[in-house]
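Report on the following structure.
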Amino acid sequence: MKLKNLIVKNKVYILLLILILAAVSSVIADTKTGAAASREYRIKAAFLYNFIKFIDWPQEKMPDNDEPIIIGIVESEDFIKAFDPIKNKKVKGKKVILRKFDKLGEMDENKDQSQWRHKIAALKECHILFFCHFANKKTQNQIIKDLSGFSVLTVGQADGFLESGGNINFIKERQKVRFEINLKTSKQNELKIKSRFLKLAIRVIK
Amino acid sequence: MFGRIYSLKWELVLAVLLLLLGSGPPAVAAYDPEPNETEDFFELSIEELMKVEVTITSKKDGKMFETPSAVYVLTREDIRRSGVTNIPDALRMVPGIQVGNFNANKWAVSARGFNSEFGDKLLVLIDGRSVYTPLFAGVYWDEQDVILEDIERIEVVKGPGGTLWGSNAVNGIINIVTMDAKKTQGTIITGGGGIEERAFTSFRHGLKLNDKSYGRIYSKYYNRDGGIYTANGGVGADDSEKLQSGFRFDWEESDIDHITLQGDAYHGRSGRNSTEATAAGNITNKDDSENIRGPNVLSRWNRKLSETSDMSLQFYYDRSARYSFVLEHTIDIFDLDFQHRFKLNQQHNFVWGLGYRDIRDNTSGTFAINFFPQDRLDKIFSAFVQDEITITENLLKFIIGSKFERNNYTGYEYQPSMRLLWTPNKNNTIWAAFTRAVQIPARSQSDMVNIFSNIPPFVQLSISGSDDLQSQELKAYEIGYRTKVGDRMLFDITAFYNEYDHLFSIEGSGATTFDNKIYAETYGTEFAAHLQATRNWKLIAGYSFLQIQAHRKSSSTSMAKEVEYEGNSPHNMFQLRSLLDLPCGLEFDTSFYYVDNLPNNQVPQYIRMDVRLGWKVGDNLEVSVAVQNLLDREHREFMGTSSNTTESQRVIYAKLTWRF
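Chains as they are written, first to last, in my numbering: chain A, 1 to 206; chain B, 207 to 866.
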């Protein structure tokens, strides 16, 4: 017999060791991505693109002739590639472009007022702003507050996003992407939402 | 490079002619085309977007999840991350499948027992083409290969599937499905080598011909080292090499018509070392490498007739040829299959089909192995019908059907099945089945004479086939339960009780012959668990238990087969796989397999551990290093009968995958 009990035991230890190592490194690495997740964001990207068709921005917010419609992605992490297909699409006769906003979470509006204002000004240029992975809730809520009234459609994917002032929130239901709408905050943002679109939402806050 | 070169010319001409005449389906249940990575969601309306599922696998999983049989699916990702270089090694990942490597180019693969050099109760298909050899009953695994990167999935059903799949699907079906050419655009070049895996390389190029048609061509080559002899530790003569090329073409017209045309051709040498008897009464040790080669072509036409009905027509031609010192044979198979499914009303979903198979073989034996007659033509006609009855919408289904078949060995056969499917909610599936399946005698079991030893003054030791053999019969009782716990866990458990009758026995002493004088009961369970532990760590566990009780009928005279049936399969198998994504595009994957001892083969229990480290260098390049059998230098997994067994050795290789 080649496999004596003792050897078997040692092998199991080796296996355990590897599994523990795997577990530890996995916890360390838990913020990275998978292929499935990237698919989810490619679907969400298509949703964002579709939203443009169902939202009317006030006249002064609509871009002039050659100017593009801007979709901003906050904290996209590794998923930014999923949004690439948005680039160079055309809706309502306007080009759509993509802007990336990372490291917003590290800002403190009390400490660095000028930098904060600078960032907020850049965010205000967006027509749609998607909060991809935003760990710092407090900062996120502050951004939404600061953008209120500037006709930026804020889109999120977290519990309570609508309650903290966001306009549209993605929800995953039975492996499918659904969304809910806060009509109240949308009105504050002077955004007109088509009724056909409202009917598709699984929840509307009025 | 290869021992003999044979002209392929006439076969190719014939193949092309036949292609012009015929076309073709999967006897395989047709699955909806799946969205792929390059799918453009931007072309969808918002209503359509809301129907798209987030995970690619979920659609298929959903179907698999509600399948009333012991099904297990290996995905392309499973295969890529396991670091395996061939199909039989990939099958180790399926709980309950026993894979015994008994020399460096031969594998014995079976489910639910009765494993042997030719696992005769397992049906294997590649894209709807049966690769079960009718000559020896079983699969020559060294002949079966595809570009692993092009595999869509490998579906494995444990338990009988004769109703849909026909004879020989007694203990299981393995269905290897490659991707639609539409999904394999661009070029993949792989290459690598190391210890045992001396060198391997593959090339695949996919292109879009026009808006409706896509194609791909590929070529692959490997050169593997031999194993270690169990007896003396010497180096085996079982090194091997093989070159294979092929193509696939897919044409799709507005979701209604889909035509597939595909083909492969391979030429290789599988080394082995055998002990043979000669007419003069001597036993000699022969290096009798086998030369293998074979072309095949397949065409399939799927047509959607209405929202609730579709049909498929499939035709294939497959030639496999093997030339060794003791036996040369070629087998030509022509197969035509028609299938039609339609919804009669809210309750009844019918599928029925017709099939015809024509098998022509041509053997040239020696004193040691000979077939009488040397050449044979067999025809198999078959028909099947199955009704899926919805008793309560989304809750209870009853599926009943049967296959009817006529073959030249045993005449008429029927293979009925009844299945009950209960899906109390989206997260739980409970099913039960009763099935009858048969394995018809192989040509070798009917017509072959094999002389092992002829030394005077002892009697000649030989085994002869018998014309009077009946089919081996199975009546199977199965139950299964699947459950999803949250988004991250899936459990699947099955239990079965099988009653076999007319199992092949060997009768007489000295000059023995095949008969049907064994019956058996087997029972066991298979368990699988999938756990997405964290976003980037997946764990998969599997366990199977099996008990076989074989009995001789009172008129039987030899124990040989009874001992083999009971002792060729492990009682317990366990596996644990870990797939871990690390930062910087690194992947660390480990597989751990425990296989219980095989009493008949005197194969001790073994633990096999495979490790792979992969690194995605940017979008186009992937580098990986894999070690198989990490924990020991060599171990035995199974004992072959036609060649001297060698042990599986530790394999270390590096691989480069370049996509553009």
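Backbone N, C-alpha and C fix where the C-beta goes; we use that ideal spot for every residue, glycine too.
All of these numbers come straight from a predicted model, not from anything done at the bench.
Within the 8 Å Cβ cut-off, does residue i reach chain A?
i         : result
Gln855(B) : no
Gly517(B) : One point to set straight first is that residue 517(B) is Met, not Gly, in the sequence displayed. It does not: the Cβ of Met517(B) has no partner Cβ on chain A nearer than 8 Å.
Phe247(B) : yes
Leu255(B) : yes
Leu804(B) : no
Ile858(B) : no
Leu449(B) : no
Val258(B) : yes
Leu250(B) : yes
Thr863(B) : no
Compare the C-beta of residue i with all C-beta atoms of chain B and state if any pair is closer than 8 Å.
i         : result
Lys90(A)  : no
Ala46(A)  : yes
Ala29(A)  : Residue placement at Ala29(A) is flagged as unreliable, the pLDDT there being 48, under the threshold of 50; a coordinate-derived value is accordingly withheld.
Gly34(A)  : For Gly34(A), the pLDDT reaches just 47, beneath the cut-off of 50, and the residue's location in the model is therefore unreliable, although a value from the coordinates is still provided. So, interface residue.
Arg203(A) : no
Pro68(A)  : no
Asn50(A)  : yes
Ile43(A)  : yes
Pro85(A)  : yes
Lys199(A) : no
Lys176(A) : yes
Hey, would you say the C-beta of residue i is under 7 Å away from at least one heavy atom of the ligand ATP?
i         : result
Gly824(B) : No copy of the ligand ATP occurs in the structure displayed, which carries no ligand at all.
Between residue i and residue j, how many whole angstroms is the CB-CB distance? I'm expecting something under 8 Å.
i         : j         : result
Gly714(B) : Ser764(B) : 7 Å
Ile382(B) : Trp371(B) : Contact doesn't hold; Cβ gap of about 14 Å is too wide.
Ile605(B) : Leu627(B) : 7 Å
Gly559(B) : Phe590(B) : 5 Å
Ser830(B) : Gly399(B) : With a Cβ gap of about 13 Å, Ser830(B) and Gly399(B) do not count as contacting.
Gly166(A) : Thr139(A) : Incorrect: roughly 14 Å between the Cβ atoms, too far for contact.
Phe101(A) : Ala45(A)  : Not confirmed; about 16 Å, so no contact.
Determine the burial state of residue i: buried for a count of at least 16 other Cβ atoms within 10 Å of its Cβ, exposed for fewer.
i         : result
Cys132(A) : buried
Cys210(A) : The displayed coordinates of chain A run from 1 to 206. Any statement about residue 210(A) would go beyond what the structure contains.
Glu67(A)  : exposed
Thr514(B) : exposed
Pro789(B) : exposed
Tyr618(B) : exposed
Val376(B) : buried
Pro301(B) : buried
Ile332(B) : buried
Asp199(B) : With chain B covering 207 to 866 only, the question about residue 199(B) has no answer from this structure.
Gly325(B) : buried
Helix, strand or coil: how does DSSP classify residue i here?
i         : result
Asn88(A)  : coil
Asp461(B) : coil
Phe590(B) : strand
Ser38(A)  : helix
Met870(B) : This structure does not reach residue 870(B), given that chain B is present from 207 up to 866, and the question cannot be answered.
Asp295(B) : helix
Phe702(B) : strand
Thr466(B) : strand
Thr847(B) : coil
Tyr615(B) : coil
Asn551(B) : coil
Ala387(B) : helix
Arg525(B) : strand
Phe57(A)  : Looking at the sequence provided, one finds Trp at residue 57(A) rather than Phe. Trp57(A): coil per DSSP, three-state reduction.
Pro622(B) : strand
Gln350(B) : coil
Gln645(B) : strand
Gly392(B) : strand
Thr369(B) : helix
Query - In chain order, each beta strand (DSSP E) run of at least 3 residues that lies wholly inside the stretch 119-189 of chain A - result: 128-131, 153-156, 168-173, 176-182
Report task. Run through the stretch 692-780 of chain B for me and flag every whole beta strand (DSSP E) of 3 or more residues, listed as ranges in chain order. Result -> 695-713, 717-740, 743-758
Report task. Would you mind listing the beta strand (DSSP E) stretches within the stretch 560-589 of chain B that are 3+ residues and don't spill past its ends, in chain order? Result -> 575-577
Query raised in the report: Along the chain, which unbroken stretches of the beta strand (DSSP E) at least 3 residues long are found entirely within the stretch 805-833 of chain B?
Result: 812-823
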